[in-house]
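Structure record follows, encoded as structure tokens.
In full-length UniProt numbering, the protein residues as written are 1 to 177.
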């Protein structure tokens with residue numbers, strides 16, 4: 001089940017942090033909006049688990065009349081997201097949003113079982129908590145969705161012999177708040 005909590009440190013520069021969710025796909029998508037205001041112009045930084053966010057979609061809207069800045073970030077990965085607002089004055093403010101997703105599979109291994117194939121195995125979470133399948137992502141290829149929460153292996157085929165692949169797997173829990 002996907003859950004989220006928010007913490008906010010009030011400031012004259014940080015107006016609000018809002019969250020909207022889209023639970024219609026195989027993986028939920030959350031849109032985080034951080035609204036800042038004031039002068040001089042503010043700088044907004046997004047982090048996930050204390051690391052600057054470099055993935056996802058980020059848009060910035062600037063309203064010159066109200067000096068209000070709207071920073072939007074769309075995410076699909078669990079973690080603690082923080083929007084920090086600062087300018088060249090000594091104070092800053094931040095708001096945090098923690099997104100918790102389904103438990104990940106454990107004991108993930110990948111074994112080459114032929115010149116162009118790798119078998120990925122894992123231990124499904126216990127309890128399955130609504131998991132209906134898994135998504136395997138790997139460098140140089142398209143994501144593969146696998147049906148079945150209790151499924152524990154999949155063979156990637158058509159790979160290039162001698163190529164190094166980075167493989168990740170996440171649980172899919174559709175349409176859950």
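Ideal placement from N, C-alpha and C gives every residue a C-beta, glycine not left out.
Where residue i falls, given that 16 or more other Cβ within 10 Å makes a residue buried
i           : result
residue 85  : buried
residue 94  : buried
residue 127 : exposed
residue 53  : buried
Neighbourhood of residue i by C-beta, 6 angstroms cutoff - its chain only, sequence neighbours within 5 removed
i           : result
residue 155 : 117 and 119
residue 173 : 102, 130 and 131
residue 139 : 165 and 166
residue 10  : Caution is warranted here: a pLDDT of 49 is assigned to residue 10, below 50, making its placement in the model unreliable, and no coordinate value can be reported.
residue 146 : 133, 134 and 154
Counterpart residues of residue i in DSSP-defined beta bridges
i           : result
residue 46  : 83
residue 155 : 119
residue 147 : 133
residue 170 : 135
residue 94  : 84
Option nearest residue i by Cα separation, candidates the options
i           : options              : result
residue 99  : 81, 125 and 44       : 81
residue 73  : 35, 107, 105 and 144 : 35
residue 158 : 150, 112 and 151     : 112
residue 121 : 107, 115 and 45      : 107
Cβ-based neighbour list, residue i, same chain, cut-off 8 angstroms, excluding 5 preceding and 5 following
i           : result
residue 169 : 104, 105, 108, 120, 122, 134, 135, 136 and 137
7 angstroms Cβ shell around residue i - same chain, five flanking residues per side excluded
i           : result
residue 115 : 161
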